[in-house]
Amino acid sequence: MSDSHSNKALTPEKFTKIKLKTPPTNSVGFGALKSSISQVTKYMNVKDGVKLSLKINQKGEFDCPGCAWPDPDDERSSIGEYCENGIKAIAEEAQKNTIDYRFFENHSVEELAGWSDFEIGKSGRLAEPLFLAEGATHYQPISWEEAFNKVGAHLNALESPDEAIFYTSGRTTNEAAFLYQLFVREYGTTNLPDCSNMCHEASGSALSETLGIGKGSVTLDDLYKAEVVMVIGQNPATNHPRMLSALEKCKQNGGKIIAVNPLPEAGLLKFTNPQDPIKLLTGGTQIADVFAQVTINGDVALFKAILLKLLEKEEATGTVFDKAFINEFTAGYDAFIADLKTYNFDACLEASGIDIDTFEAIFELILNNDKIIICWAMGLTQHQNAVDNIREVVNLLLLKGSIGKEGAGTCPVRGHSNVQGDRTVGIWEAAPQAFLDKIEAKYGFKPKAKHGYAVIDAIKAMYENKAKVFFGLGGNFISAVPDTSYASQALANCNLTVHVSTKLNRSHLVTGKEALILPCLGRTEKDIQKSGLQIQSVENSMGVVSSTKGVLEPCSKDLMSEVAVVCGIANATLKHRSNIDWLAYKDDYTLVRNDIAEVVSGFENFNTKLQKPAGFYLPNGARERQFNTKTGKANFTKNKMPNWKLKNDELIMMTIRSHDQFNTTIYGLDDRYRGVYNERRIIFMNKADMEARGLKELQVVNLKSEFNGVTRRANKFKVVAYNIPKHCCATYFPETNVLVPIDNFAHTAKTPASKSVVITIEA
Ligand SMILES: Nc1nc2c(c(=O)[nH]1)N[C@H]1C(S)=C(S)[C@@H](COP(=O)(O)OP(=O)(O)OC[C@H]3O[C@@H](n4cnc5c(=O)[nH]c(N)nc54)[C@H](O)[C@@H]3O)O[C@H]1N2
Ligand SMILES: Nc1nc2c(c(=O)[nH]1)N[C@H]1C(S)=C(S)[C@@H](COP(=O)(O)OP(=O)(O)OC[C@H]3O[C@@H](n4cnc5c(=O)[nH]c(N)nc54)[C@H](O)[C@@H]3O)O[C@H]1N2
Ligand SMILES: [Mo]
Numbered sequence: 010m011s012d013s014h015s016n017k018a019l020t021p022e023k024f025t026k027i028k029l030k031t032p033p034t035n036s037v038g039f040g041a042l043k044s045s046i047s048q049v050t051k052y053m054n055v056k057d058g059v060k061l062s063l064k065i066n067q068k069g070e071f072d073c074p075g076c077a078w079p080d081p082d083d084e085r086s087s088i089g090e091y092c093e094n095g096i097k098a099i100a101e102e103a104q105k106n107t108i109d110y111r112f113f114e115n116h117s118v119e120e121l122a123g124w125s126d127f128e129i130g131k132s133g134r135l136a137e138p139l140f141l142a143e144g145a146t147h148y149q150p151i152s153w154e155e156a157f158n159k160v161g162a163h164l165n166a167l168e169s170p171d172e173a174i175f176y177t178s179g180r181t182t183n184e185a186a187f188l189y190q191l192f193v194r195e196y197g198t199t200n201l202p203d204c205s206n207m208c209h210e211a212s213g214s215a216l217s218e219t220l221g222i223g224k225g226s227v228t229l230d231d232l233y234k235a236e237v238v239m240v241i242g243q244n245p246a247t248n249h250p251r252m253l254s255a256l257e258k259c260k261q262n263g264g265k266i267i268a269v270n271p272l273p274e275a276g277l278l279k280f281t282n283p284q285d286p287i288k289l290l291t292g293g294t295q296i297a298d299v300f301a302q303v304t305i306n307g308d309v310a311l312f313k314a315i316l317l318k319l320l321e322k323e324e325a326t327g328t329v330f331d332k333a334f335i336n337e338f339t340a341g342y343d344a345f346i347a348d349l350k351t352y353n354f355d356a357c358l359e360a361s362g363i364d365i366d367t368f369e370a371i372f373e374l375i376l377n378n379d380k381i382i383i384c385w386a387m388g389l390t391q392h393q394n395a396v397d398n399i400r401e402v403v404n405l406l407l408l409k410g411s412i413g414k415e416g417a418g419t420c421p422v423r424g425h426s427n428v429q430g431d432r433t434v435g436i437w438e439a440a441p442q443a444f445l446d447k448i449e450a451k452y453g454f455k456p457k458a459k460h461g462y463a464v465i466d467a468i469k470a471m472y473e474n475k476a477k478v479f480f481g482l483g484g485n486f487i488s489a490v491p492d493t494s495y496a497s498q499a500l501a502n503c504n505l506t507v508h509v510s511t512k513l514n515r516s517h518l519v520t521g522k523e524a525l526i527l528p529c530l531g532r533t534e535k536d537i538q539k540s541g542l543q544i545q546s547v548e549n550s551m552g553v554v555s556s557t558k559g560v561l562e563p564c565s566k567d568l569m570s571e572v573a574v575v576c577g578i579a580n581a582t583l584k585h586r587s588n589i590d591w592l593a594y595k596d597d598y599t600l601v602r603n604d605i606a607e608v609v610s611g612f613e614n615f616n617t618k619l620q621k622p623a624g625f626y627l628p629n630g631a632r633e634r635q636f637n638t639k640t641g642k643a644n645f646t647k648n649k650m651p652n653w654k655l656k657n658d659e660l661i662m663m664t665i666r667s668h669d670q671f672n673t674t675i676y677g678l679d680d681r682y683r684g685v686y687n688e689r690r691i692i693f694m695n696k697a698d699m700e701a702r703g704l705k706e707l708q709v710v711n712l713k714s715e716f717n718g719v720t721r722r723a724n725k726f727k728v729v730a731y732n733i734p735k736h737c738c739a740t741y742f743p744e745t746n747v748l749v750p751i752d753n754f755a756h757t758a759k760t761p762a763s764k765s766v767v768i769t770i771e772a
């Protein structure tokens, strides 16, 4: 496809003058401090920067809009629980520049689409509602009331509410998310796709099936007390920097860390705590005791190899498995063992890509300890067999009895700061019937029970003209989803696309026939309504709900809060049809929390509990060894080894984050920990793979993926030789999303397989 929609959706093929250095072996430390200060001084008022960095993640202050890593329950650093990338996140949100209709008078949609994502993001904060009329080339201002009425009119004109799609990105607070799903359900559909569908959906699916809860089981305190922590498919120095402090603490208590990753990610190897002045001077802590350089998607093979050796030892000694735990709490053990025995150790080890010495080192740690925590992120969840990856993680923990006890358990490390909370309060196209029943009991309408579209199906529905209105509460849909060209056609088919956003992004430029941009307050900004300054709430990766409250004056007087936008749209759409007094909520968010307390379990006395400075834990069955699964037990599962047969010229590509981005928001053009500066259009390759193709360092190549007979291309990338296993390569998301096939996703969970894209390279 090379029409104008898909051209606008693709990132421009421009190079920015690359510089390469040897990747550092240490992370954070002075480099991070320097980088944070430079972000603040470049893009913010310095006074605001100081004010924010003192309050970030402090009890009762504002929750960092970056990642979902939890804050310590007890003592917190007095200079702010910050990290370099948290500072970049707030510097991005609290930019001093704003853009209003004058900006859009000067720049057409077509022109803006030619800008890089970095340039688009740095243009400033959106300052007023904007409308793109059918056939128009420029956005123009529109009043909030007109905007709400337009959305309402479009929604009410659809033949069925199922022709509308309501996307959420994981920054949305519990209050806004709860009201949003309530509105969507009262309007009459369950089409509630969210970023989680592309992220930890595979974790949710595997964990619900095996342990009865789609979230992790550990607390921060468990991490400090673990004997072994495995960090798999995750790059914490970039994406969850505060996790490194927790791993450091675990090590100080005698714990051992195993990193499993195709790349020797800097922070896993060594880390200098920015909040420890002595360490800053004397150098950092070695984090990983063992680094296993697994091949892309070699994790099931590695796990099978470990499981086979454990079984061998168990059969010899009878002391390896926690049989008391297995007997009392699990189901499916015999079938699991019978299946495991059909695999061959040598074949598994070979498929994992790991040498025998490294394997032995991992094996000894697992064999001799039973307080084991396994942490993971996108390296496990974005494959066709992603659900198997996580079920295999659970199998290992179950054998060792490493679930529901101190220092042990599952730790899927969530991405967006409230992606977990959004799901808890009802952003779910497949919400359980018990939740829907509570909605019905409270509000007197019957929510549709039929499951709605998640992300992949939503794109297909728009592509096939089955859905005609797209509404996004946050996020950057076109750049986040797979198969960019296909998805751009899907959006172009819509009658109306609407985005509630803080910042301009590519999704505002790849529109339906008409489009709206509704600018909203960010996390850092004061949200003042009729009843005064509002607080809101978020849930972190470990199930702690806490409050967040803005500190800065809003960047424009024309912004609304997400809560107010949802109420406005609900009111304009449902009018007298509604059982609910929508406009009351926006004046006083304690009313929303009173409703959440009645509808969502674990939130009883929500308003009172939220006043606890460090927040409160939600109930977690797996943590208590209560497994709410179909069998009532924790389930062992049988998982197949993936069967990769790459052709001679094919590589398997993972699409990853650089150090200077938050998903589709590009903070800068450097990837400091990988030694790449001032360029994003690169492909990391093994030297042997370069030589086999006669490619030289920095040579420009085109990338091609073929899947089910469809060819997809991404042009102009520079080759960078890197320490990555043979037949594997890496590029940055979102530049190569165009290569990720819409039909290549995880079974059961439909997470796009964006970490295992088969490509060939054209010189
Ligand atoms: N600063 C910053 N923070 C962020 C984000 C951000 O973009 N920037 N994004 C947020 C979000 S939404 C999320 S979901 C998280 C993402 O956090 P991560 O999951 O850490 O992010 P990715 O860059 O996708 O990194 C995946 C890691 O998995 C490895 N990997 C890839 N394939 C495999 C595999 O097959 N097996 C194994 N074992 N490893 C593999 C890669 O080498 C890489 O180290 O971070 C959150 N925090
Ligand atoms: N190829 C490939 N694709 C991927 C991934 C990958 O690893 N590889 N990762 C996937 C993952 S893990 C995720 S989570 C998704 C991310 O998908 P999304 O969540 O859709 O994308 P983001 O880039 O996080 O969204 C950024 C936009 O959100 C808006 N925004 C920021 N803060 C706020 C706020 O407070 N309120 C509102 N209303 N808007 C706000 C801004 O306008 C900003 O431009 O991408 C997925 N896509
Ligand atoms: Mo994510």
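Residue numbers for the sequence shown follow this note's numbering, beginning at 10 and rising by one.
Backbone N, C-alpha and C fix where the C-beta goes; we use that ideal spot for every residue, glycine too.
Near ligand 3: residue i beta-carbon under 7 Å from a heavy atom
i: glycine 424; result: yes
i: cysteine 73; result: no
i: cysteine 208; result: yes
i: cysteine 529; result: no
i: cysteine 774; result: Missing from the structure shown is residue 774; the chain here goes from 10 to 772 and no further.
Integer-rounded CB distance, given that residue j should sit under 8 Å from residue i
i: asparagine 504; j: histidine 163; result: 6 Å
i: isoleucine 363; j: valine 303; result: 6 Å
i: histidine 147; j: serine 497; result: Their Cβ separation, rounded to whole angstroms, is 20 Å, which puts histidine 147 and serine 497 out of contact at 8 Å.
i: asparagine 616; j: arginine 602; result: 5 Å
i: alanine 9; j: isoleucine 174; result: Outside the shown range of the chain (10 to 772) lies residue 9, about which nothing can therefore be said.
i: alanine 730; j: leucine 220; result: About 42 Å separates the two Cβ atoms, so there is no contact after all.
i: aspartate 126; j: threonine 20; result: 6 Å
i: arginine 400; j: alanine 215; result: 5 Å
i: methionine 569; j: leucine 229; result: No, methionine 569 and leucine 229 are not in contact; Cβ-Cβ is about 35 Å, not under 8 Å.
i: histidine 209; j: asparagine 306; result: With a Cβ gap of about 17 Å, histidine 209 and asparagine 306 do not count as contacting.
i: leucine 349; j: alanine 314; result: Contact flag wrong, Cβ pair sits at about 11 Å.
i: glutamine 8; j: tyrosine 598; result: Outside the shown range of the chain (10 to 772) lies residue 8, about which nothing can therefore be said.
Closer than 7 Å: residue i CB and nearest ligand 1 heavy atom
i: aspartate 308; result: yes
i: glycine 641; result: no
i: lysine 764; result: yes
i: cysteine 357; result: no
i: isoleucine 383; result: no
Heavy atom of ligand 2 within 7 Å of residue i beta-carbon
i: cysteine 737; result: no
i: asparagine 746; result: yes
i: asparagine 427; result: no
i: serine 125; result: no
i: methionine 569; result: no
i: asparagine 672; result: yes
i: serine 494; result: no
i: valine 749; result: yes
i: glutamate 102; result: yes
Report yes or no: do three or more beta-carbon pairs, one from the region 385-397 and one from the region 647-667, lie closer than 8 Å?
yes
Which ranges would you report for the alpha helix (DSSP H) in the region 461-500 if only whole runs of at least 4 residues count?
464-472, 486-489
Taking contact to mean at least 3 C-beta pairs separated by less than 8 Å, is the region 690-699 in contact with the region 225-243?
no
Scan the region 688-734 and note each continuous alpha helix (DSSP H) run of 4 residues or more that stays entirely inside, going in chain order.
696-701
Do the region 142-162 and the region 585-598 meet, that is, are 3 or more Cβ pairs less than 8 Å apart?
no
Tell me, please, whether the region 671-687 touches the region 756-771 by the rule of three or more beta-carbon pairs shorter than 8 Å.
no
Touch test, the region 514-529 against the region 200-214, Cβ-Cβ under 8 Å, three pairs minimum
no
Would you say the region 481-498 touches the region 453-468, given that touching needs at least three Cβ pairs under 8 Å?
yes
In chain order, what are the residue ranges of uninterrupted alpha helix (DSSP H) at least 4 long that sit wholly in the region 83-163?
93-102, 110-115, 118-122, 126-130
Is there contact here, the region 128-139 with the region 431-450, by at least three beta-carbon pairs under 8 Å?
no
Tell me the start and end of each unbroken alpha helix (DSSP H) in the region 353-412 that is at least 4 residues and wholly inside, in chain order.
354-361, 365-377, 387-390, 395-408
Runs of alpha helix (DSSP H) wholly within the region 597-671 (minimum 4 residues, chain order):
598-608, 615-618
Contact between the region 171-185 and the region 709-725: three or more CB pairs below 8 Å?
no
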